Amino acid sequence: MRHLPLVKRYLYFILGLFINSLGVAFITNARLGTSPISSIPYVLSLKYPLTLGGFTILFSLLLVALQILLLRKNYQPIQLLQIPVSILFGYFIDFSMKYLLFWLNPQQYLMKIISLLIGCLILAFGVSMEFTANVIMLPGEGLATALHKITGKEAGSIKIIVDVSMMASAVILSLLLFHGINGVREGTVISAVIVGYIARHFCRLLNPVMERWFEASSYSLNTEQ
Numbered sequence: 006m007r008h009l010p011l012v013k014r015y016l017y018f019i020l021g022l023f024i025n026s027l028g029v030a031f032i033t034n035a036r037l038g039t040s041p042i043s044s045i046p047y048v049l050s051l052k053y054p055l056t057l058g059g060f061t062i063l064f065s066l067l068l069v070a071l072q073i074l075l076l077r078k079n080y081q082p083i084q085l086l087q088i089p090v091s092i093l094f095g096y097f098i099d100f101s102m103k104y105l106l107f108w109l110n111p112q113q114y115l116m117k118i119i120s121l122l123i124g125c126l127i128l129a130f131g132v133s134m135e136f137t138a139n140v141i142m143l144p145g146e147g148l149a150t151a152l153h154k155i156t157g158k159e160a161g162s163i164k165i166i167v168d169v170s171m172m173a174s175a176v177i178l179s180l181l182l183f184h185g186i187n188g189v190r191e192g193t194v195i196s197a198v199i200v201g202y203i204a205r206h207f208c209r210l211l212n213p214v215m216e217r218w219f220e221a222s223s224y225s226l227n228t229e230q
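Below, the structure is given as structure tokens:
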């Protein structure tokens, strides 16, 4: 019973992961691109039969491998939990795309923008839940953290560099596969700009609430023993 607060943190994290996948699916179905971290898997899914979730899993495993190469002996073994989390995230994305948001296919540009912004809000809320859970990171954030540790540069700047690199790589990949830009659009740039900003505001709201909840759980357990 002593580990219940930690279990609750992981359950809260998994819920945030599901909301995160719902946001990615919402943004993608707006047909204006996708989030930066999903841009490479999305471009690949447009060319090959594997789903967005499937390519997300493979891409996430690559990011985990990069973290290990960068940090070497300083890599924390607990972060290997990013592997099952990535697999779960990929399945969540496919579930959201296929069963929850299959109906979302806006035709008018205004409705695409509205769908995109709703998706950004959902994604930002999911990201804030992942951060306030304070357990492990998704591979994208893990890579940014690894680069921050080895370069010493400001974490926010590294995150921007990672996002821009993802988008640039997706554009290059699209040019190679389609001889044109496919899958990376204004929605990708918009989500890159606003999701982090919104997530920070959600974190400020969630942090005190969640800390009280987790501490209350821990206190109640201690008083029972």
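Read in order, the letters of the sequence shown are residues 6 to 230 in the numbering used here. Each residue gets a CB set at the ideal place from its N, CA and C atoms; glycine is no exception. On a predicted model such as this, the values are computed, not experimentally measured, just so you know.
Give the C-beta separation of residue i and residue j to the nearest angstrom, bearing in mind that I take them to be a contact with Cβ-Cβ under 8 Å.
i: ILE45; j: GLY145; result: With a Cβ gap of about 11 Å, ILE45 and GLY145 do not count as contacting.
i: LYS2; j: LEU76; result: It is not possible to answer for residue 2, since the shown part of the chain is limited to 6 through 230.
i: LYS152; j: VAL167; result: Per the sequence presented here, residue 152 reads as Leu, with Lys not at that position. The pair is a contact, with the Cβ atoms about 7 Å apart (cut-off 8 Å).
i: LEU148; j: LEU86; result: At roughly 15 Å, the Cβ-Cβ gap does not stay under 8 Å, so LEU148 and LEU86 are not in contact.
Ignore the nearest five residues each way along the sequence and tell me which others in residue i's own chain have a CB closer than 6 Å to its CB.
i: LEU27; result: SER101 and ILE127
i: ASN34; result: LEU106 and LEU109
i: ALA160; result: HIS153
i: ALA204; result: ALA129, VAL132 and SER133
i: LEU68; result: PRO144 and LEU148
i: SER111; result: Ser is not the amino acid found at residue 111; the sequence shown has Pro there. Excluding positions up to five away in sequence, the list reads LYS117 and SER120.
Determine whether the beta carbon atoms of residue i and residue j lie at a separation below 8 Å.
i: GLY95; j: GLY58; result: yes
i: LEU66; j: ILE88; result: yes
i: LYS164; j: LEU37; result: no
i: LEU22; j: THR137; result: no
i: VAL90; j: LEU143; result: yes
i: LEU121; j: ALA30; result: no
i: ILE186; j: LEU178; result: no
i: TYR53; j: GLY188; result: no
i: PHE18; j: VAL140; result: yes
i: SER196; j: ILE32; result: yes
Return helix, strand or coil for residue i, following the three-state DSSP convention.
i: LYS78; result: helix
i: MET142; result: coil
i: HIS206; result: helix
i: PHE18; result: helix
i: THR137; result: helix
i: PRO54; result: coil
i: THR156; result: helix
i: ALA221; result: Since pLDDT at ALA221 reaches only 49, below the 50 mark, its modelled position is unreliable, and no value is offered.
i: SER91; result: helix
i: ASN25; result: helix
i: ASN212; result: helix
i: VAL132; result: helix
i: SER40; result: coil
i: GLN112; result: coil
i: ALA70; result: helix
i: LEU106; result: coil
i: ALA35; result: coil
Hey, does residue i have any beta-carbon neighbour from chain C nearer than 8 Å?
i: ILE83; result: No chain C is part of this structure, which consists of one protein chain only.
Suppose the cutoff is 8 Å on Cβ atoms and the five residues either side in sequence are ignored; what does the same chain contact list for residue i look like?
i: ALA173; result: none
i: GLU191; result: LEU37 and GLY38
i: MET215; result: TYR17, THR137 and ALA138
i: LEU115; result: none
Among the residues of its own chain, which have a CB less than 7 Å from the CB of residue i, if the five just before and after it don't count?
i: MET171; result: PRO41, ILE42, SER44 and ILE45
i: ILE24; result: ILE127, PHE130, GLY131 and MET134
i: PRO62; result: As written in the sequence, residue 62 is Ile, which differs from the Pro given in the question. Excluding residues within five positions, the ones whose Cβ falls inside 7 Å are SER91, ILE92 and GLY95.
i: VAL176; result: ILE186 and VAL189
i: PHE207; result: ALA129, PHE130 and SER133
i: SER50; result: THR56, LEU57 and PHE60
Any alpha helix (DSSP H) of 4 or more consecutive residues that is wholly inside the segment 149 to 200: The qualifying runs are 160 to 183.
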